[in-house]
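First the structure, in the form of C-alpha cells, and then the observations on it.
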C-alpha cells in the first residue's frame, strides 16, 4: 500500500462508512481491484460510528430483511476470511409490542424473517421478564 494518493482509479467511492466499505469489499471480491475510497476523516467515523455496533436483522420489508440477514452472515465470517479482528459478537435483541397493532406487525415480521433464515420468536410478557428481570411487564 502506498502513502501517495492515486490520481486515477477505475472506481472511486465517496464515503468510507458501512456502505462505502461494503461496496469496495464486494467489488474486490468480484475482481475489481482498482478501487479507492475517499473519506474526509477516518473510515467509519461518521454515521456508521454513531451506530455503536448496533445491528438488527429485524425488518418487515423482505428485501431489507434479506440484506440484513446477508450482512449478519458476512460479519460472522469476515474475521476468518481477512485475518483482521472485527469484534463481531452476535447477541440478539428484543422488541416490545405495547399495542395490538404492533403485535400483529411483529407476527408478520416473524414469518418474513424465518423465510430467509433469521431466528425470531414471539414471547410472552412473563418470558420477557425472565430474560430482562428489571423490565416491568404489566
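In this note's numbering, the protein residues as written are 1487 to 1624.
Even for Gly, the Cβ is constructed at its ideal location relative to N, Cα and C.
Are three or more beta carbon pairs between the stretch 1514 to 1528 and the stretch 1544 to 1552 nearer than 8 Å? no
Same chain, Cβ closer than 8 Å to residue 1537, neighbours up to 5 away in sequence not counted: Excluding five sequence positions before and after residue 1537, the CB atoms of its chain that fall closer than 8 Å to its own CB belong to 1504, given in chain order.
DSSP on residue 1499, reduced to helix/strand/coil? strand
Confirm, please, whether the CB-CB distance from residue 1605 to residue 1450 is below 9 Å. Nothing about residue 1450 can be reported from this structure: the residues present for the chain run from 1487 to 1624 only.
Taking C-beta to C-beta, are residue 1570 and residue 1558 nearer than 9 Å? no
Which same chain residues, not among the five before or five after residue 1708, have their C-beta less than 8 Å away from its C-beta? What is shown of the chain runs 1487 to 1624, which leaves residue 1708 out entirely.
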